[in-house]
Amino acid sequence: MPPPGGYRPISFKRVPPVSYFSGAAMIGGYIGMIAGAAYLYVQNCKAVTKRELETKGASLALYPMLLAERDRAFLKQLRINREEERELMKNVPDWKVGTWYGEPIYLGADKNTYFKPDIAEFYAHSSYEELKKRVDFRFWC
Amino acid sequence: MSRISILTPYFKSPFTDFFNDVISAQWGGGPCADLELKALDCLEAYGFSKGLQQCQQQLKDFEECIMKIKQFKRLDAMEKERQRQYKSGERSKEEIYSKNPPVGADIY
Chain A
1 MPPPGGYRPI SFKRVPPVSY FSGAAMIGGY IGMIAGAAYL YVQNCKAVTK RELETKGASL
61 ALYPMLLAER DRAFLKQLRI NREEERELMK NVPDWKVGTW YGEPIYLGAD KNTYFKPDIA
121 EFYAHSSYEE LKKRVDFRFW C
Chain V
1001 MSRISILTPY FKSPFTDFFN DVISAQWGGG PCADLELKAL DCLEAYGFSK GLQQCQQQLK
1061 DFEECIMKIK QFKRLDAMEK ERQRQYKSGE RSKEEIYSKN PPVGADIY
């Protein structure tokens, strides 16, 4: 039996979602936001490029000096090694510093010619452990 | 100077010519490139058999650059002298070896 007063009416009316913007406004807003973001992106991009350029320029400007300082430190250490050898081998008869018992390493070379010493010779007056540490340095990290 | 090039006066073929310089110190402008060229120039000037006598200095220099025999002999001698001094009491245990070269201050 139906309740008194009858059933309540069946709701079949279409409920469309509330549209805040029209289609044209949405497309226009999208384009506007993209344009604004692109403007900010370009501004930022320019700033970053400028900063990177400055860093690169500073690095390039510093590089020769750092290289020269490294070479200078290396040559200083070679001098220290030579003095160390002189001090160490002073009791050995017929030993001449920088040679093999008076025989030069390179027979035909001019006295002032530079030959890069082997790294073991560079570490000649350190313990083998230290040489190993230096040679394996790249594997540490 | 490659090992193959030593064969060439006795055994010469297009293949030895072609593969002559596969092994050489010239690649990459290595430290021994100049010494190798000097030795080869000398050998070329005197010929092979006579060059072996005449170019001993250049050949020895090149060999030294490649093998570093004299340099390592020197290192051995210094190490032995160091240990001798330690064992005879001229050096204390702390000062067997000197201070290390600063890391980062070398060209290797």
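These protein sequence lines map, in sequence, to chains A and V. Note that the first sequence covers residues 1 to 141 in our numbering. Note that the second sequence covers residues 1001 to 1108 in our numbering. All residues carry an ideal CB built from backbone N, CA and C; glycine is no exception. No experiment lies behind these values; they were computed from the predicted model shown.
| query | Hey, does Arg-134 of chain A have any beta-carbon neighbour from chain V nearer than 9 angstroms? | reply | When Cβ-Cβ separations below 9 angstroms define contact, Arg-134 of chain A makes contact with chain V.
| request: Could you have a look at Glu-1090 of chain V and say whether DSSP puts it in helix, strand or coil? | output: Taken through DSSP and simplified to helix, strand or coil, Glu-1090 of chain V comes out as coil.
| message | Counting only beta-carbon separations shorter than 9 angstroms, does Met-1001 of chain V have a partner in chain A? | response | Because the pLDDT at Met-1001 of chain V is just 46, under 50, the model does not fix this residue reliably, and the value given afterwards should be weighed accordingly. At least 9 angstroms separates the CB of Met-1001 of chain V from every CB of chain A.
| task | Reducing DSSP to helix, strand and coil, say where Pro-117 of chain A ends up. | result | Pro-117 of chain A: coil per DSSP, three-state reduction.
| request: Figure out for me which residue from A:Gly-32, A:Ser-126, A:Pro-16 and A:Gly-5 has the closest Cα to the Cα of Ile-80 of chain A. | output: Out of A:Gly-32, A:Ser-126, A:Pro-16 and A:Gly-5, A:Ser-126 has the C-alpha closest to the C-alpha of Ile-80 of chain A.
| said: So, at 7 angstroms on beta carbons, what are the nonlocal neighbours of Phe-1015 of chain V in its own chain, with the 5 sequence-adjacent residues on each side left out? | reply: Spatial neighbours of Phe-1015 of chain V in its own chain (CB-CB distance under 7 angstroms, excluding positions within 5 residues in sequence) are not present.
| So, Asn-91 of chain A versus Glu-1081 of chain V, is the Cβ gap smaller than 9 angstroms? | Going by C-beta atoms, Asn-91 of chain A is nearer than 9 angstroms to Glu-1081 of chain V.
| Just curious, the alpha helix (DSSP H) that Leu-86 of chain A is in, first and last residue? | Position check: residue 86 of chain A holds Arg in this sequence, whereas Leu was assumed. That run of the alpha helix (DSSP H) goes 23-88.
| query | Which chain A residues sit within Cβ distance under 7 angstroms of Ser-1092 of chain V? | reply | The premise fails here: Ser-1092 of chain V is roughly 15 angstroms from chain A at the closest Cβ pair, so nothing lies under 7 angstroms.
| Which residues in the same chain as Val-1103 of chain V place their Cβ atom closer than 6 angstroms to its Cβ, once the five residues preceding and following it in sequence are excluded? | Excluding residues within five positions, none has a Cβ falling inside 6 angstroms.
| request: Leaving out five residues on either side along the sequence, give the residues of the same chain with a beta carbon under 7 angstroms from the beta carbon of Gly-1089 of chain V. | output: Cβ-Cβ distances below 7 angstroms link Gly-1089 of chain V to nothing in the same chain once the five nearest sequence neighbours on each side are left out.
| field | Leu-78 of chain A vs Phe-122 of chain A beta-carbon contact at 9 angstroms | value | A contact, by the Cβ cut-off of 9 angstroms.
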